[in-house]
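Trainee: In our numbering, the protein residues as written are 1 to 227.
Dumping the structure here so I can ask a few things about it.
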Amino acid sequence: MDYLQELGGLALASRMRRLADAITADIATIYKEEGVDFEPRWFAIFHLLATESKLSIVDIAGRIGVTHQFVNQMAEEMLKVDLLNASTDPNDKRKRLLSLSDRGRRLHTKVKQIWRLMRLAVSEYLTDNCPVFLEMLSALEVATSNNQLIKKFKENKTALQEAEIKIIEFRPQLRKHFYKLNEHWIKKFFSVEKGDEEVLSHPENHFLWRCHFICPTGKIYSWHLCS
Numbered sequence: 001m002d003y004l005q006e007l008g009g010l011a012l013a014s015r016m017r018r019l020a021d022a023i024t025a026d027i028a029t030i031y032k033e034e035g036v037d038f039e040p041r042w043f044a045i046f047h048l049l050a051t052e053s054k055l056s057i058v059d060i061a062g063r064i065g066v067t068h069q070f071v072n073q074m075a076e077e078m079l080k081v082d083l084l085n086a087s088t089d090p091n092d093k094r095k096r097l098l099s100l101s102d103r104g105r106r107l108h109t110k111v112k113q114i115w116r117l118m119r120l121a122v123s124e125y126l127t128d129n130c131p132v133f134l135e136m137l138s139a140l141e142v143a144t145s146n147n148q149l150i151k152k153f154k155e156n157k158t159a160l161q162e163a164e165i166k167i168i169e170f171r172p173q174l175r176k177h178f179y180k181l182n183e184h185w186i187k188k189f190f191s192v193e194k195g196d197e198e199v200l201s202h203p204e205n206h207f208l209w210r211c212h213f214i215c216p217t218g219k220i221y222s223w224h225l226c227s
């Protein structure tokens, strides 16, 4: 069996990354076979700029939900191959505006037909293998944006910490709990005798080890200790 599949949900990010890499490789092959010099990683930014005439780095990052660093990196790659133009925002000199270059617009005309065919291919691919995948993906994207995975981790961590058993030294306030626990144990297997009453009522006078197992909530998990 595939090792990442054996790990199940623990390897969720690794499995999704592997799936994305495999699909990206297939798409790159399609572009190459169609004679188009285009990198799949440019798609979101390129498609957005083909729809919107000019956008800033901040606007692009916000629209497609990625970091400014990623947009900058992709923009630099596309600028080097003359697919984009960069200019300064006249209203804010600190902003760099991106738009498709003449070469970028010509390339867009070529790839539009490929995208139409690719949309059909992806639709059939999902229908044949996982018809509800896009709905599931959208639900996961919403959950991720709300940091639900982090919240679930913290909830489980808190629950485990609260259930953790600690060893504490005996103190008089615990005497009644010690009595009840040991009384229950003795009654289950034997019977409480007169000597037991004295020992259980004053354990500090009869036992060398004055400690119990108790969780932070106050519930005791101890049992009868030997003298």
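Ideal Cβ positions, reconstructed from N, Cα and C, are used throughout, including at glycine.
In the DSSP output, which residue or residues are listed as bridge partners for L100?
Mentor: Numbered from its first residue, the sequence shown carries residue 100 at position 100. Bridge partners of L100: L84.
Trainee: Using only the alpha-carbon positions, how far apart do L49 and V71 sit?
Mentor: As a working note, residue 49 is residue 49 in the sequence shown. As a working note, residue 71 is residue 71 in the sequence shown. Approximately 12 Å, taken between the alpha carbons.
Trainee: With 16 as the cutoff for other CB atoms within 10 Å, does N182 come out buried or exposed?
Mentor: Counted from its first residue, the sequence shown places residue 182 at position 182. The residue in question, N182, is buried, as its Cβ has 16 or more Cβ neighbours within 10 Å.
Trainee: Is the beta carbon of A75 sitting closer than 8 Å to the one on L98?
Mentor: Walking along the sequence shown from the start, residue 75 turns up at place 75. Walking along the sequence shown from the start, residue 98 turns up at place 98. Yes, the pair counts as a contact, with Cβ atoms nearer than the cut-off.
Trainee: I believe I64 touches M118 by the beta-carbon criterion, under 8 Å. Please report the beta-carbon distance rounded to the nearest angstrom.
Mentor: Against the sequence shown, residue 64 aligns to sequence position 64. Against the sequence shown, residue 118 aligns to sequence position 118. Contact doesn't hold; Cβ gap of about 18 Å is too wide.
Trainee: Please report the Cβ distance between G104 and L79, rounded to the nearest whole angstrom; I am assuming they are in contact, meaning their Cβ atoms lie under 8 Å.
Mentor: Taking the sequence shown and counting its residues from 1, the one referred to as residue 104 is at position 104. Taking the sequence shown and counting its residues from 1, the one referred to as residue 79 is at position 79. With a Cβ gap of about 10 Å, G104 and L79 do not count as contacting.
Trainee: Where V199 and E164 are concerned, what is the direct C-alpha to C-alpha distance, given to the nearest angstrom?
Mentor: The residue labelled residue 199 in the question sits at position 199 within the sequence shown. The residue labelled residue 164 in the question sits at position 164 within the sequence shown. One C-alpha to the other measures close to 29 Å.
Trainee: Where does F38 land, buried or exposed, given buried means 16+ other C-beta within 10 angstroms?
Mentor: Walking along the sequence shown from the start, residue 38 turns up at place 38. Answer is buried; the Cβ neighbour count reaches 16.
Trainee: Just curious, the alpha helix (DSSP H) that I64 is in, first and last residue?
Mentor: Taking the first residue of the sequence shown as position 1, residue 64 is located at position 64. Element bounds for I64: I57 to I64.
Trainee: Would I60 and R96 be called neighbours here (beta carbons separated by less than 8 Å)?
Mentor: Here residue 60 corresponds to residue number 60 of the sequence shown, with the count starting at 1. Here residue 96 corresponds to residue number 96 of the sequence shown, with the count starting at 1. No, the Cβ-Cβ distance between I60 and R96 is not below 8 Å.
Trainee: If contacts are defined as beta-carbon pairs under 8 Å, then E110 and V36 qualify, I think. What distance do you get, rounded to the angstrom?
Mentor: As a first step, residue 110 is located in the sequence shown; it is residue number 110 there, counting from the start. As a first step, residue 36 is located in the sequence shown; it is residue number 36 there, counting from the start. The question names Glu, but residue 110 is Lys in the sequence shown. Contact flag correct, Cβ pair sits at about 6 Å.
Trainee: Are the Cβ atoms of E6 and W42 separated by less than 8 Å?
Mentor: As a first step, residue 6 is located in the sequence shown; it is residue number 6 there, counting from the start. As a first step, residue 42 is located in the sequence shown; it is residue number 42 there, counting from the start. Not a contact, by the Cβ cut-off of 8 Å.
Trainee: Between the C-alpha atoms of L12 and N147, what's the straight-line distance to the nearest angstrom?
Mentor: Along the sequence shown, one-based indexing puts residue 12 at 12. Along the sequence shown, one-based indexing puts residue 147 at 147. Each residue's Cα considered, the two are about 15 Å apart.
Trainee: Going by DSSP, what residue range makes up the beta strand (DSSP E) through K166?
Mentor: Taking the first residue of the sequence shown as position 1, residue 166 is located at position 166. Run containing K166: K166 to E169, per the beta strand (DSSP E) assignment.
Trainee: Could you have a look at D26 and say whether DSSP puts it in helix, strand or coil?
Mentor: Counting from 1 along the sequence shown, the entry for residue 26 is found at position 26. Note: D26 maps to helix in three-state DSSP.
Trainee: DSSP three-state call for K93: helix, strand or coil?
Mentor: One-based indexing of the sequence shown puts residue 93 at position 93. If DSSP states are grouped into helix, strand and coil, K93 belongs with the strands.
Trainee: What ranges does the beta strand (DSSP E) occupy inside the region 108-177, keeping only unbroken runs of at least 3 residues that lie completely in it?
Mentor: DSSP runs (the beta strand (DSSP E)) wholly in the region 108-177: 166-169.
Trainee: Do F170 and E204 count as a contact pair if the criterion is CB distance below 8 Å?
Mentor: Start at 1 with the first residue of the sequence shown, and residue 204 comes out as number 204. Start at 1 with the first residue of the sequence shown, and residue 170 comes out as number 170. Result yes, Cβ atoms of E204 and F170 sit closer than 8 Å.
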